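These notes concern the structure reproduced below.
In my numbering, the protein residues as written are 1 to 171.
Structure, rendered in structure tokens:
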């Protein structure tokens with residue numbers, strides 16, 4: 001009997017939409033991301049916050065998430081929401097956070113998450129996949145450029161939060 005080649009192994013991870021059972025892992029990964037981004041105290045979201053935003057009862061979600069699972073453990077995430085371009089008159093996808101645990105990097109997990117989001121965009125006829133990255137995060141910038149992304153250097157992101165938000169709201 002001739003030797004047969006072994007079946008090719010599948011990827012060492014799977015990418016799937018997050019479920020309500022993943023909210024603890026999402027909160028954990030966001031805290032890890034905050035530590036990586038040197039703002040560990042800024043991540044105050046709880047699993048309940050993720051449950052309310054991603055899986056509301058009787059309402060449309062405010063955000064969505066995909067997770068990367070390896071050996072039964074969630075090791076990466078992409079949290080995103082639908083955006084809209086007045087210039088194209090079409091929707092897009094805003095990637096709020098993409099994070100892969102440091103020991104799991106280099107396996108293609110980040111690229112697989114980004115590829116899934118690009119597939120969602122193209123399947124739905126959306127025109128953009130956008131996100132921001134910290135200017136000091138050279139590994140992320142290099143990764144995104146390798147995927148064909150380009151920086152919109154002429155745009156500056158602004159944020160109103162905390163007390164300034166309350167003042168602006170007239171409170």
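For each residue, glycine too, the CB sits at the ideal point set by N, CA and C. All values reported here derive from a predicted model rather than from experimental measurement.
Under DSSP, the beta-bridge partners assigned to residue 94 are 81 and 130. Nearest to residue 116 by C-alpha distance, out of 47, 90, 129 and 52, is 129. Residue burial is scored here from C-beta neighbours: residue 126 has at least 16 other C-beta atoms within 10 angstroms and is therefore classed as buried.
Under the Cβ criterion (8 Å, minimum of three pairs), the stretch 84 to 92 does not count as touching the stretch 30 to 40. Under DSSP, residue 64 forms a beta bridge with 80.
Distance from the CA atom of residue 140 to the CA atom of residue 133, rounded to whole angstroms, is 7 Å.
Distances from the CA of residue 155 to each of 171, 18 and 131 were compared; the closest alpha carbon is that of 131. Bounds of the beta strand (DSSP E) holding residue 17 are 14 to 17.
Put simply, the backbone Cα of residue 56 is about 13 Å away from that of residue 47. In terms of Cβ geometry, residue 66 and residue 109 do not form a close pair [threshold 8 Å]. Separation of residue 145 and residue 98 (C-alpha to C-alpha, rounded to the nearest whole angstrom) is 15 Å. Here residue 27 really is in contact with residue 45; their C-beta atoms are around 6 Å apart, less than 8 Å. Per DSSP, residue 150 lies in no alpha helix (DSSP H) segment and is marked neither H nor E.
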